[in-house]
Amino acid sequence: TSFPCTNFLGEQNAFKGNDDAGIDISNITSPLTQLDVSTNTFDLNGRGLFLLNTDDSTIHNNTITNCTTGGSGAIRIFGAVDNLIITSNELNTGAGWGVRMTDSVGTPNTGVVMHLNNIVNFLGSGGAFGGGLQVGAGAHVGPVNAECNWWGDPCGPFNVAANPSGIGQEVEEDGAPGDADFIPWLILAGP
C-alpha cells in the first residue's frame, strides 16, 4: 500500500555543497503534491531542485547560485510534473541551464508557469548566449508559460525562432518553435 505524499513546506533553509541537488523529489509510484519551496538559499549544489512526479506545487522567492552539474539545471524538471509555479526566484550562475525540462519517464509535464524570475550567467549548451531555459522535445503539453522573466538583457533572451536578435540567456526549444512562450520579458532585473 502506498500513501499519498502531500502538503510539504521547505522554507528558510540553506542548502550548500550537495553533489546532486539541494532538494530532490523523485516519487515513482505516486505524485508528491502541494510542495511549497520558498525563501531558501541554494549554493554550490549540483542543482538546486530536482523534480519528478510532483504536482500542484510552487517554487518562489529562492536564491539559487553556482550550480555545478553541467547539462542539468538550477531547477531540473524530469517529467510527470503538473501545475508548477516558479516565481520571483534569483537563478544566478551554473554549469547547466537556469531551468531545464525534459520528459524522462514517458509522461510530459503540464501547466508549468515561470514568471518574475531573474535568470543569468548559466552556461547552457555552451553557446554564445548561455542557457536560461531548455524545453526538451515533447517535455511539456503545449507551450511552457515563461513570460515576464529577466534573461540578463533588455533585448530579451536569444531564441532561434522568436527572438534571434536577443542577447540574453538562451531559451532553447528542442521540439518545435513555440514550445516556450517567453514574450513579453522583463527589461530590467526584477526586485
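Using the working numbering, you'd call the opening residue of the sequence shown number 1294 and step up by one each time. C-beta atoms are modelled at their ideal positions from N, C-alpha and C, and glycine is treated no differently. Since the structure is predicted, the reported quantities are computational estimates derived from the model, not experimental observations.
Residue range of the beta strand (DSSP E) that includes V1428: L1426 to V1428
Terminal residues of the beta strand (DSSP E) in which H1353 lies: T1347 to H1353
Residue from Q1427, V1428, I1368 and V1374 whose Cα sits closest to the Cα of S1323: V1374
Residues bridged to R1331 (per DSSP): It should be noted that the sequence gives Ser, not Arg, for residue 1331. In DSSP, S1331 forms a bridge with E1304 and H1353.
Contacting residues, own chain, Cβ-Cβ under 6 Å from I1318 (five flanking each side not counted): L1325, L1344 and T1347
Residue burial classification, E1304 (beta-carbon count within 10 angstroms, cutoff 16): It counts as exposed.
Cα-Cα separation between W1478 and N1354, rounded to whole angstroms: The straight-line gap from Cα to Cα measures roughly 18 Å.
Touch test, the region 1327 to 1339 against the region 1354 to 1366, Cβ-Cβ under 8 Å, three pairs minimum: yes
Assigned exposure category for P1484 - 16 Cβ within 10 Å defines buried: exposed
Collapsed DSSP secondary structure at D1474 in the structure displayed: strand
Local conformation of D1321 per DSSP, three classes: A small correction: the amino acid at residue 1321 is Ile; Asp does not occupy that position in the sequence shown. Correct three-state label for I1321: coil.
Assigned exposure category for P1450 - 16 Cβ within 10 Å defines buried: buried
Backbone secondary structure at F1451 - three-state DSSP: When DSSP states are grouped into helix, strand and coil, F1451 belongs to the coil group.
Simplified DSSP state of G1461, which is helix, strand or coil: strand
Local conformation of A1367 per DSSP, three classes: strand
Bridge partner(s) assigned by DSSP for T1361: Note: T1361 sits in no beta bridge, so no partner.
Rounded straight-line distance, which links the Cα of T1334 to that of G1363: CA-CA distance, G1363 to T1334, rounds to 20 Å.
Outcome for T1395 when other beta-carbon atoms lying within 10 angstroms are tallied against a minimum of 16: buried
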